[in-house]
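Note sheet for the following structure.
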Amino acid sequence: MIEVATVKSKASSSHSQTDPNLFYNAAARLSYHFNLQGPNASLDVACSSSLETVHLAVQSLHTNEADMAICGGVNAVYSSETLLYGSIMGAISADGRSRSFSADGNGYAKGDGLGLLLLKRLSDAERDNDRIYCVLRDVLSNHGGSEDKNSFVVPSTAGQARLLNDIYKRADFDPRRVFYVEAHGTGTPIGDPIEANCLGQFFNRSCFDPPLLIGSVKSNLGHTEGTAGIAGLIKIAMCMHHRSIPPNMHFTSLNPNIEAQRYNLHVVQHSVLFPVGNATDSIAMGINSFGIGGNNVHAIVEEYNPSKTSAMNRSENNMESKQYFIFIFSTKSRKSLNHQVAQFNQWLQKTSITDMNNNYAFLQRISQ
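Position 355 (the sequence shown) corresponds to 355 in full-length UniProt numbering; numbering is contiguous.
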């Protein structure tokens, strides 16, 4: 059960007596309670549902349908019957442990979960002085189709590869900047190698490069299914905030079908501190979320680093609206005065209001 609601404003006072347990009411109840009047939808694309809500929310923000978006998911394991289908498929761990990428992975452990995110355009969040945990550079989804699958529930290597190629090309984002991927990582013997090797092929790290780090929050929380994508994104946001990646739990040795040495992959087994970035590039991570029906979602996430330029621009805009500067020019002739003013004007075009404010007294003396 997935909840996504986007915010517009102002009220409506309709009353409904419909069954609150109906699926379509998951998001509708939130919009009703908080008086949200933007696009509203309850989605079900299996385990990728909550990250798919982020995809739709970002679209609403880009098209100005909404100024804020609440997106996320909820999963409740309230009956043993919910385990039946997964057990028949062999997807459920017999001992109740999700061992992402581990050789002894035998399926996933179901987990309860609820997660919601508030998304805003970056410029709006900066304007409103919001606490910004991370920046979503792009989000994209696709379906794996059937070209390389012999079963409906088997992950599609081609679909995952196509998604990675498409999103990094669309975002014009250098994959070499990504140093960690929060993987889907269910701990299944088939799914983990398909995903890990696909990541290795795309990011293509040589033995001379730092390894591509991978992990999955499912080893910590279990598989929260419809909430899994948002759980992974919240994990990334917390990693950005604390500048550290927590280890995968229940990992013993690598699944032998994962070509880690060939692709320079490394499963995070101990807390990893962020690398020191350069002056221009922020830390970047990726996140995968896949649905058993073939839906694939990937997001590119960057660490938030307030831009010195944007900070200066905001400061300058404030000064321009509140301050005036008086400069006195004195020469022996009008020709000399015009020449001095022209020179000063050339310098002025290259100088920020902030610098001028800091050096105003000095400049005033020079102008005299």
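From the three backbone atoms N, C-alpha and C, an ideal C-beta is built for every residue, glycine too.
Unbroken alpha helix (DSSP H) runs of length 4 or more, entirely within the stretch 142-211: which are they? 157-170, 191-203
Burial state of Y180 (16 or more Cβ within 10 Å)
Taking the sequence shown and counting its residues from 1, the one referred to as residue 180 is at position 180. Flag for Y180 reads buried.
State the CB to CB distance for the pair T188 and G105, rounded to an integer number of angstroms; the pair is presumed to be in contact (CB under 8 angstroms). On the sequence shown, residue 188 is found 188 positions in, with the first residue counted as 1. On the sequence shown, residue 105 is found 105 positions in, with the first residue counted as 1. That pair is a contact at about 7 angstroms.
Can you tell me the Cα-Cα spacing of I258 and F173, whole angstroms?
Here residue 258 corresponds to residue number 258 of the sequence shown, with the count starting at 1. Here residue 173 corresponds to residue number 173 of the sequence shown, with the count starting at 1. Taking the straight line from one Cα to the other gives about 26 angstroms.
- Query: Does the Cβ-Cβ distance between A125 and G222 come in under 7 angstroms?
  - Reply: Taking the sequence shown and counting its residues from 1, the one referred to as residue 125 is at position 125. Taking the sequence shown and counting its residues from 1, the one referred to as residue 222 is at position 222. In this structure, G222 does not lie closer than 7 angstroms to A125 by Cβ.
Is the beta carbon of V301 closer than 7 angstroms to that of C134? In the sequence shown, counting from the first residue as 1, residue 134 sits at position 134. In the sequence shown, counting from the first residue as 1, residue 301 sits at position 301. Yes, they are a contact pair.
Report task. Tell me the start and end of each unbroken alpha helix (DSSP H) in the stretch 251-278 that is at least 4 residues and wholly inside, in chain order. Result -> For the alpha helix (DSSP H) assignment, the uninterrupted runs of no fewer than 4 residues enclosed by the stretch 251-278 are, from N- to C-terminal side, 260-263.
Review point. Short check: CB of G291 to CB of C47, under 7 angstroms?
Key: As a first step, residue 291 is located in the sequence shown; it is residue number 291 there, counting from the start. As a first step, residue 47 is located in the sequence shown; it is residue number 47 there, counting from the start. It is a contact, given that the beta carbons lie within the stated cut-off.
Rounded separation between A26 and H55 - CA only
Against the sequence shown, residue 26 aligns to sequence position 26. Against the sequence shown, residue 55 aligns to sequence position 55. Approximately 18 angstroms, taken between the alpha carbons.
Just verifying my parser: in three-state terms, what is the DSSP assignment at Y32?
Residue numbering aside, residue 32 sits at position 32 when the sequence shown is read from its first letter. Y32 carries a helical assignment under DSSP once its states are collapsed to helix, strand and coil.
For a quick check, are the C-beta atoms of G226 and S49 less than 7 angstroms apart? For the purposes of this step, residue 226 is taken as the residue at position 226 of the sequence shown. For the purposes of this step, residue 49 is taken as the residue at position 49 of the sequence shown. Going by C-beta atoms, G226 is nearer than 7 angstroms to S49.
Using only alpha-carbon positions, find the residue among G185, N142, G191 that is nearest to L213.
Position 213 of the sequence shown holds residue 213. When only C-alpha atoms are compared, the closest one is G185.
inquiry  = Taking 6 angstroms as the limit between beta carbons, can you name the residues of its chain near S102, skipping five residues before and five after?
reply    = Taking the sequence shown and counting its residues from 1, one reaches residue 102 at position 102. Contacts found: F251, T252.
Checklist entry - Buried or exposed: H270, going by 16 or more other Cβ atoms within 10 Å of its Cβ? => result Here residue 270 corresponds to residue number 270 of the sequence shown, with the count starting at 1. Counting Cβ neighbours within 10 Å, H270 comes out exposed, since fewer than 16 surround it.
*Which value, in whole angstroms, describes the spacing of the CA atoms of L51 and I70?*
In the sequence shown, residue 51 corresponds to position 51, counting from 1. In the sequence shown, residue 70 corresponds to position 70, counting from 1. For L51 and I70, the distance between alpha carbons rounds to 12 angstroms.
### Task
Identify whether G38 lies in helix, strand or coil by the three-state DSSP scheme.
The sequence position of residue 38 within the sequence shown is 38, counting from 1. Correct three-state label for G38: coil.
- Query: Under the rule that 16 or more other beta-carbon atoms within 10 Å means buried, what is S289, buried or exposed?
  - Reply: Here residue 289 corresponds to residue number 289 of the sequence shown, with the count starting at 1. Per the 10 Å Cβ criterion, buried.
| task | Let me know the secondary structure DSSP gives C47 once reduced to three states. | result | Your numbering for residue 47 matches position 47 in the sequence shown. Here C47 sits in strand by DSSP.
Between S156, I230, R97, which has its C-alpha nearest A299's C-alpha?
Within the sequence shown, residue 299 is the residue found at index 299, counting from 1. When only C-alpha atoms are compared, the closest one is I230.
| query | Hey, out of L119, I167, G215, H339, whose CA is closest to F202's CA? | reply | Translated into positions along the sequence shown, residue 202 becomes position 202. Of the candidates L119, I167, G215, H339, the one whose C-alpha sits nearest the C-alpha of F202 is I167.
Exercise for review: Flag this pair as yes or no: are the beta carbons of G215 and N248 separated by less than 7 angstroms?
Suggested key: Taking the sequence shown and counting its residues from 1, the one referred to as residue 215 is at position 215. Taking the sequence shown and counting its residues from 1, the one referred to as residue 248 is at position 248. Against a cut-off of 7 angstroms, the Cβ pair of N248 and G215 comes out as a contact.
Q) What's the C-alpha gap between E65 and N35? A) Counting from 1 along the sequence shown, the entry for residue 65 is found at position 65. Counting from 1 along the sequence shown, the entry for residue 35 is found at position 35. Distance between the alpha carbons of E65 and N35 is about 16 angstroms.
message = Can you confirm whether the stretch 112-119 touches the stretch 152-160 when touching is taken to mean that 3 or more C-beta pairs between the two stretches lie within less than 8 angstroms?
response = With the cut-off at 8 angstroms, the stretch 152-160 and the stretch 112-119 do not touch.
For H241, the first and last residue of its enclosing alpha helix (DSSP H): Looking up residue 241 in the sequence shown gives position 241. Residues 228-242.
- Query: Secondary structure at S289, three-state DSSP: helix, strand or coil?
  - Reply: Here the question's residue 289 lines up with position 289 in the sequence shown. Of the three classes helix, strand and coil, the one that applies to S289 here is strand, per DSSP.
Cβ neighbours of S244 in the same chain (closer than 6 angstroms, five flanking residues each side left out): For the purposes of this step, residue 244 is taken as the residue at position 244 of the sequence shown. S271, L273, listed in sequence order.
- Item | Boundaries (first-last residue) of the alpha helix (DSSP H) holding N345 | Position 345 of the sequence shown, counted from the start, is the residue given in the question as residue 345. It spans 334-349 - the alpha helix (DSSP H) in which N345 sits, taken as one unbroken run.
Closer than 6 angstroms by C-beta to I234: which residues in its own chain qualify, once you throw out the five before and the five after it? Chain order, please.
-> Indexing the sequence shown from 1 puts residue 234 at position 234. Closer than 6 angstroms at Cβ, skipping near neighbours: G115.
Using CA coordinates, which residue listed in M240, D44, V217 is at the minimum distance from V268? Taking the sequence shown and counting its residues from 1, one reaches residue 268 at position 268. Comparing Cα positions, the closest option is V217.
query = At which residues does the beta strand (DSSP E) containing A125 begin and terminate?
reply = Stepping through the sequence shown from its first residue, residue 125 is reached at position 125. Per DSSP, A125 belongs to no beta strand (DSSP E); it is in the alpha helix (DSSP H), 122-127.
Can you give the Cα-Cα distance for A260 and H266, rounded to whole angstroms?
-> On the sequence shown, residue 260 is found 260 positions in, with the first residue counted as 1. On the sequence shown, residue 266 is found 266 positions in, with the first residue counted as 1. Their backbone Cα atoms lie some 7 angstroms apart in a straight line.
Output the boundary residues of the alpha helix (DSSP H) element that contains G86. Working through the sequence shown from its first residue, we reach residue 86 at position 86. Its alpha helix (DSSP H) spans residues 84-89.
Legend entry - Backbone CA spacing between L348 and V74 [nearest angstrom]: What you label residue 348 is simply residue 348 of the sequence shown in a count that begins at 1. What you label residue 74 is simply residue 74 of the sequence shown in a count that begins at 1. Cα to Cα, the separation comes out at about 56 angstroms.
One question on the structure: do N142 and L122 come within less than 7 angstroms of each other, judged by their Cβ atoms? The residue labelled residue 142 in the question sits at position 142 within the sequence shown. The residue labelled residue 122 in the question sits at position 122 within the sequence shown. Cβ atoms of N142 and L122: not closer than 7 angstroms.
| query | Three-state secondary structure (DSSP) at N106? | reply | Stepping through the sequence shown from its first residue, residue 106 is reached at position 106. The answer is coil: DSSP assigns N106 none of H, G, I, E or B.
Using beta-carbon positions only, say whether S219 and S100 come within less than 7 angstroms of one another. Within the sequence shown, the letter at position 219 stands for residue 219. Within the sequence shown, the letter at position 100 stands for residue 100. The beta carbons of S219 and S100 sit closer together than 7 angstroms.
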